[in-house]
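What follows is one structure encoded as structure tokens, with my remarks underneath.
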Amino acid sequence: MLFTLASGIFFLFTKHHLLDTQRDTLRYESEIIKSKLRVLHQSNTIPLLYPKHDMIDSMIFDKDKHYIFGTLAKTSWEESQSHPNRLYYMAKVEPYYLGAGYVLTSQMIDYDVITDLKKNIFLFMLGAGIFFSILAYYLGHLFIAPMRDSIKQMNHFIQDTTHELNTPISTILTNIELIETFGKHEANHLELKRIEIASKTLSRIYDDLTYLNLNHQYHRNIITLNMSTFVEERILYFTGMIEAKNLTIRTDIEENIIRQIDKNDAMRLVDNLISNAIKYNKHHGVLEITLTKMSLIVKDTGIGIDEKDLAVILHRFKRANKSEGGFGIGLDIVNQVIQSYGYILKIKSKIDKGTEVEIKWKK
Amino acid sequence: MEKIIIWILLGFSLGFAETHLLLNPSLENDCLQCHQNQQIPSNLIYKRYLMQYSTEKAIEKAMFNYLTHPLISNSIMPPQFFLKFPMKEKSMVADEVLKVNIKAYIKHFDVKQYLRIQK
Numbered sequence: 422m423l424f425t426l427a428s429g430i431f432f433l434f435t436k437h438h439l440l441d442t443q444r445d446t447l448r449y450e451s452e453i454i455k456s457k458l459r460v461l462h463q464s465n466t467i468p469l470l471y472p473k474h475d476m477i478d479s480m481i482f483d484k485d486k487h488y489i490f491g492t493l494a495k496t497s498w499e500e501s502q503s504h505p506n507r508l509y510y511m512a513k514v515e516p517y518y519l520g521a522g523y524v525l526t527s528q529m530i531d532y533d534v535i536t537d538l539k540k541n542i543f544l545f546m547l548g549a550g551i552f553f554s555i556l557a558y559y560l561g562h563l564f565i566a567p568m569r570d571s572i573k574q575m576n577h578f579i580q581d582t583t584h585e586l587n588t589p590i591s592t593i594l595t596n597i598e599l600i601e602t603f604g605k606h607e608a609n610h611l612e613l614k615r616i617e618i619a620s621k622t623l624s625r626i627y628d629d630l631t632y633l634n635l636n637h638q639y640h641r642n643i644i645t646l647n648m649s650t651f652v653e654e655r656i657l658y659f660t661g662m663i664e665a666k667n668l669t670i671r672t673d674i675e676e677n678i679i680r681q682i683d684k685n686d687a688m689r690l691v692d693n694l695i696s697n698a699i700k701y702n703k704h705h706g707v708l709e710i711t712l713t714k715m716s717l718i719v720k721d722t723g724i725g726i727d728e729k730d731l732a733v734i735l736h737r738f739k740r741a742n743k744s745e746g747g748f749g750i751g752l753d754i755v756n757q758v759i760q761s762y763g764y765i766l767k768i769k770s771k772i773d774k775g776t777e778v779e780i781k782w783k784k
Numbered sequence: 007m008e009k010i011i012i013w014i015l016l017g018f019s020l021g022f023a024e025t026h027l028l029l030n031p032s033l034e035n036d037c038l039q040c041h042q043n044q045q046i047p048s049n050l051i052y053k054r055y056l057m058q059y060s061t062e063k064a065i066e067k068a069m070f071n072y073l074t075h076p077l078i079s080n081s082i083m084p085p086q087f088f089l090k091f092p093m094k095e096k097s098m099v100a101d102e103v104l105k106v107n108i109k110a111y112i113k114h115f116d117v118k119q120y121l122r123i124q125k
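From first to last, the protein sequence lines are chains H and L. The first sequence maps to residues 422 to 784 in this note's numbering. The second sequence maps to residues 7 to 125 in this note's numbering.
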């Protein structure tokens, strides 16, 4: 609308300017005629040759506006200026050479330039329309993209949550049913183990989600934590899952590694690294956990992460491989913890060889 | 050949008629004869009137005024003109005749008849 209005105003201004330019030509020709009238008035030669222009017609009128002579046929003052497609310019003559009080010059309006102007404005409007449509489309996409991504993430999150909760709950229910069916006896050991693993999985999911949700409001209780015993405890916690996947665990844990850290943060950090290493490991693979004064290293012989995914693997809801369950929040939580404490995270990975995650305690 | 002769005669007749018409006898006797004798430039005088008054009516009025009251202040010519040429005496011609003569004078010297469009 604004462009149409602006173009309309521009057209009117330019049209007037073009007409003024043509009118200037008439004014200039009037001056020439006035000059020639003076020469003719003083001339004694006969006939008196009235000037003629190829494009411009002219007439002279006396001071009472009666036709004297001109390149157009004799006409009244009013009629001489009534043609709608002609442009007129009237100039006074003084003194009245040859009795002329007025010189009226006239020419056909040059509509070609006005047509060209219309064409150019139309092309400009068309170009601007296309440009702004593309711009609007691009900006629309740009502004809507984050919202669309959020909705997409939300949908994925709901799907993943459903799936993640479904597996351990089904395992628990199935195994409880087995125990109920066959009665409680020594052979239930396997079913109970499965129930334990599934319950721990549920517990971990709950802890992760709570941590993620309450992270900003969470009050950290920093304590002096013996990381050596703590890591060993967490390995013990995951024993069931490690055995279920027939993993060989190799640990190299230095004694009495002390860190000033909130216990819950430490748990989220270690649990997520071990959990990932188990989850993405191959059956009968190896899980290596090394704890030194300098760092904690968790290494697996699993599916690995593609090099292009390494840069974004820390983003929330990002999963390099969707073959396994999960929300893609594990490494996001790890990243939040290490940022809170100023640790450094390094991930090395090769497809089908495995992944090594190192957390350096100090910069 | 006969046609050519007829056309030539016709042309002469029309030419004579026009000259006769323009040179109104009254104008010639009452005005131009004297002008010619005294070598007063009638054409120049008319052009001064034309340049000053533009319209036929205004010229007629100014001429009539001068002819009936011949004073330097009423004349179209500059005062120096009368150093060389004598001041006209008051016209004794009747006003009506004078007006006719003025019209004839204007018609005789009217520039419109000499104007042509340049080729």
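Quick reminder that beta carbons are idealized off the backbone N, C-alpha and C, glycines included. Quick caveat: nothing in here was measured; it's all calculated off a predicted structure.
- Threonine 492/H reaches chain L at Ile123, counting residues in chain order whose Cβ is nearer than 7 Å.
- Methionine 511/H has Leu525/H as its beta-bridge partners, per DSSP.
- Looking at the backbone, the Cα of arginine 507/H and that of asparagine 465/H are separated by about 35 Å.
- Comparing alpha-carbon positions, the option among Gln580/H, Phe482/H, Tyr449/H, Met575/H lying closest to glutamine 528/H turns out to be Tyr449/H.
- Judged by their CB atoms, serine 97/L and leucine 73/L are nearer to each other than the 7 Å cut-off.
- Not a single C-beta of chain H is nearer than 7 Å to the C-beta of leucine 50/L.
- Proximity of lysine 473/H to chain L, defined by a Cβ-Cβ separation below 7 Å, is satisfied.
- In the three-state scheme derived from DSSP, where H, G and I count as helix and E and B as strand, tyrosine 488/H is classed as strand.
- Residues of the same chain with a CB within less than 8 Å of the CB of histidine 462/H, apart from the 5 flanking positions on each side, are Tyr518, Leu519 in chain order.
- The C-beta of aspartate 721/H has 16 or more other C-beta atoms within 10 Å across all chains shown, which makes the residue buried.
- DSSP, reduced to helix, strand and coil, places tyrosine 559/H within a helical segment of the structure shown.
- In terms of Cβ geometry, proline 589/H and threonine 631/H do not form a close pair [threshold 7 Å].
- Below the 7 Å Cβ cutoff, chain L contributes Met57 as neighbours of tyrosine 518/H, in chain order.
- A straight line joining the alpha-carbon of isoleucine 768/H with that of serine 554/H spans about 44 Å.
- For leucine 469/H, the C-beta contacts it makes with chain L under 8 Å involve Val117, Tyr120, Leu121, Arg122, in order along the chain.
- Among the residues facing chain H, threonine 61/L is included, as its CB has a counterpart in that chain under 7 Å away.
- At a cut-off of 7 Å between beta-carbon atoms, lysine 513/H makes no contact with chain L.
- Residue state for aspartate 773/H is assigned as coil, using DSSP reduced to three classes.
- For valine 99/L, DSSP records no beta bridge to any residue.
- Of the other Cβ atoms in all chains shown, fewer than 16 fall within 10 Å of the Cβ of lysine 783/H; this residue is therefore exposed.
- Residues Arg641, Asn642, Ile643 of the same chain have their beta carbon placed closer than 6 Å to that of aspartate 683/H, with the five preceding and five following residues left out of the count.
- Among the residues of the stretch 476-504 of chain H, those with a Cβ less than 8 Å away from any Cβ of chain L are Asp483, Lys484, Asp485, His487, Ile489, Phe490, Thr492, in the order of the chain.
- Using a CB distance below 7 Å, no part of the stretch 428-460 of chain H faces chain L.
- When 8 Å is used as the limit between beta carbons, glycine 548/H is near no residue of chain L, the shortest such separation being about 49 Å.
- The stretch 565-639 of chain H is shown to contain whole alpha helix (DSSP H) runs of 4 or more residues at 610-635, in chain order.
- Cα atoms of lysine 513/H and arginine 122/L: separation of roughly 22 Å, rounded to the nearest angstrom.
- Per DSSP, the beta-bridge partners of threonine 645/H are Gln681/H.
- Take alanine 110/L, set aside five residues on each side of it, and the residues of its chain with a beta-carbon closer than 6 Å to its own are Asn30, Leu33, in chain order.
- Of Ala64/L, Ile82/L, Ser48/L, Ile51/L, the smallest CA-CA separation from lysine 105/L is found for Ala64/L.
- Counting other Cβ atoms within 10 Å of its Cβ, lysine 457/H reaches 16 or more and is therefore classed as buried.
- By alpha-carbon distance to phenylalanine 424/H, the top candidate from Val691/H, Ile551/H, Val460/H, Thr711/H is Ile551/H.
- Residues of chain H with a Cβ closer than 9 Å to the Cβ of lysine 109/L do not exist, since the nearest Cβ in that chain sits about 15 Å away.
- Below 8 Å, too few C-beta pairs join the stretch 595-604 of chain H and the stretch 653-663 of chain H to call them touching: fewer than three.
- Residue state for aspartate 721/H is assigned as strand, using DSSP reduced to three classes.
- Nearest Cα to alanine 732/H within the set Leu752/H, Ile724/H, Thr492/H, Leu439/H: Leu752/H.
- Your pair serine 60/L and glycine 522/H checks out as a contact, with CB atoms roughly 5 Å apart and the cut at 8 Å.
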